[in-house]
Amino acid sequence: MFISFEGTEGVGKTTLIRKLHDHFQALGKNVLLTREPGGTPMAEQIRSLLLTVNHDEAMSHDTELLLMYAARAQHLERVILPALADTKIVLCDRFTDSSFAYQCAGRGLDREKLTLLNDNFVARMPDITFWLDAPIETGMLRARERGALDRFEQEKVTFFEKVRAGFAEIHHNEPTRVKRLDATQTPEQVFEQALSYLQQV
Ligand code: TYD
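Structure below.
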């Protein structure tokens, strides 16, 4: 089973993923925890290129999109697909929905570019995706408390409002795969809500 986790900054994805990881392990399941962009040494190098603020050279939106997919191709082939073939439960912090929400809805890139990449380079979509949704201000406060802001976290509220609307659109179009979790609840409540969806699948 392939499960992805999505949402804007600081909505508590990491906490939920850890809780589910521990839960599955306690049940004796073989579970793999991974993230995007990243998940392999090479893809993590691409991640640092994507997240580092470079004052000398702004990254073009196309470059950003292509680097996300370069990292994803590596991650899929080297980590996700082999783990699924090995019947592991894969918990992935962000996947293709982030590309739609951030690069298309947020940056304004044409969605046909993304469709082209998805159709050609994404052989497997998640079985279930949890979208942790909370007002932008809540998450930005949490992100700021974590310390230095990365290249995305430095964006303005208006950018994240567009990203959130992007996730809402995906949720609306694919209600079977994408489940919305109310991230203003306590971590325990979010976990229980996720578990109840998983029990249905
Ligand atoms: P991450 O550490 O996952 O962010 P957070 O902990 O705040 O959830 O950082 C990854 C950043 O990359 C995040 O700001 C979202 C962005 N991103 C995209 O823009 N497109 C993508 O396809 C992916 C996977 C991530």
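The sequence shown begins at 10 in my numbering and counts up one residue at a time.
The beta carbon of each residue, even a glycine, is placed where N, CA and C say it ideally should be.
Quick check: the stretch 101 to 114 against the stretch 174 to 186, are there 3 or more CB pairs under 8 Å? As far as the Cβ criterion goes, the stretch 101 to 114 touches the stretch 174 to 186, which means the pair count is three or higher.
Which complete beta strand (DSSP E) runs does the stretch 12 to 89 hold, if anything under 3 residues is left out? Within the stretch 12 to 89, complete beta strand (DSSP E) segments of at least 3 residues are found at 40 to 44, given in chain order.
Could you tell me which residues DSSP pairs with T105 in its beta bridges? As a position in the sequence shown, residue 105 is number 96, starting the count at 1. Partner(s): none; T105 has no beta bridge.
Check: D159 C-beta below 8 Å from any heavy atom of the ligand TYD: Here residue 159 is taken as the residue at index 150 of the sequence shown, counted from 1. Inclusion of D159 in the 8 Å shell around the ligand TYD follows from its C-beta lying nearer than that to a non-hydrogen atom of the ligand.
Hey, D128 and N39: beta-carbon distance below 9 Å or not? Stepping through the sequence shown from its first residue, residue 128 is reached at position 119. Stepping through the sequence shown from its first residue, residue 39 is reached at position 30. N39 sits away from D128, with the two beta carbons spaced by 9 Å or more.
Just checking, does the stretch 52 to 72 make contact with the stretch 153 to 169 on the three C-beta pairs under 8 Å criterion? Taking a cut-off of 8 Å on C-beta distances, the stretch 52 to 72 touches the stretch 153 to 169, as three or more cross pairs fall below it.
Pull the bridge partners of K188 from the DSSP assignment, please. For the purposes of this step, residue 188 is taken as residue 179 along the sequence shown, with counting starting at 1. As DSSP reads the structure, K188 sits in a beta bridge with F139.
For V131, the three-state DSSP class (helix, strand or coil): Here residue 131 refers to the residue found at position 122 when the sequence shown is read from its first residue. In this structure, V131 counts as coil in the three-state DSSP scheme.
heavy atom of the ligand TYD below 8 Å from Y111 C-beta: Numbered from 1 along the sequence shown, position 102 holds the residue referred to as residue 111. Within the cutoff, so yes.
When you measure from the CB of R120 to every non-hydrogen atom of the ligand TYD, does any distance come out below 8 Å? For the purposes of this step, residue 120 is taken as residue 111 along the sequence shown, with counting starting at 1. No, since every heavy atom of the ligand TYD falls outside the 8 Å radius drawn around the Cβ of R120.
Element boundaries [alpha helix (DSSP H), containing L150]: Taking the first residue of the sequence shown as position 1, residue 150 is located at position 141. For L150, the uninterrupted alpha helix (DSSP H) segment begins and ends at 145 to 154.
Note the first and the last residue of the continuous alpha helix (DSSP H) segment covering Y206. The residue given as residue 206 occupies position 197 in the sequence shown. Where Y206 is concerned, the enclosing alpha helix (DSSP H) starts and stops at 196 to 209.
Tell me where the alpha helix (DSSP H) around E183 begins and ends. If you number the sequence shown from 1, residue 183 lands on position 174. Counted as a single uninterrupted DSSP element, the stretch harbouring E183 is not any alpha helix (DSSP H), since DSSP gives it neither H nor E.
May I ask you to report which of helix, strand or coil DSSP gives L125? Counted from its first residue, the sequence shown places residue 125 at position 116. Three-state result, L125: helix.
Would you say F139 touches the ligand TYD, meaning its beta carbon is less than 8 Å from a heavy atom? Position 130 of the sequence shown, counted from the first residue, corresponds to residue 139. False, no ligand heavy atom lies under 8 Å from that Cβ.
For K97 and H84, I'd like the C-alpha separation in whole angstroms. Residue mapping note: residue 97 aligns to position 88 of the sequence shown, counting from 1. Residue mapping note: residue 84 aligns to position 75 of the sequence shown, counting from 1. If you draw a straight line from the Cα of K97 to the Cα of H84, it is about 15 Å long.
Near the ligand TYD: D31 beta-carbon under 8 Å from a heavy atom: The residue labelled residue 31 in the question sits at position 22 within the sequence shown. D31 has its CB no nearer than 8 Å to any heavy atom of the ligand TYD.
Whose C-alpha, out of S57, Q163, C101, A132, is nearest the C-alpha of E45? Here the question's residue 45 lines up with position 36 in the sequence shown. That would be C101, whose Cα lies nearest to the Cα of E45.
Can you tell me whether K165 is buried or exposed, with buried defined as 16 or more other CB within 10 angstroms of its CB? As a position in the sequence shown, residue 165 is number 156, starting the count at 1. In summary, K165 is exposed, with fewer than 16 beta-carbon neighbours lying within 10 Å of its beta-carbon over all protein chains present.
Our contact map puts G16 next to D142 with C-beta atoms below 8 Å; I'd like the distance itself, whole angstroms only. For the purposes of this step, residue 16 is taken as residue 7 along the sequence shown, with counting starting at 1. For the purposes of this step, residue 142 is taken as residue 133 along the sequence shown, with counting starting at 1. At roughly 6 Å, the Cβ-Cβ gap stays under 8 Å, so G16 and D142 are in contact.
Does any heavy atom of the ligand TYD sit closer than 8 Å to the C-beta of D102? As a position in the sequence shown, residue 102 is number 93, starting the count at 1. At a cut-off of 8 Å, the beta-carbon of D102 counts as near the ligand TYD: some heavy atom of the ligand is closer than that.
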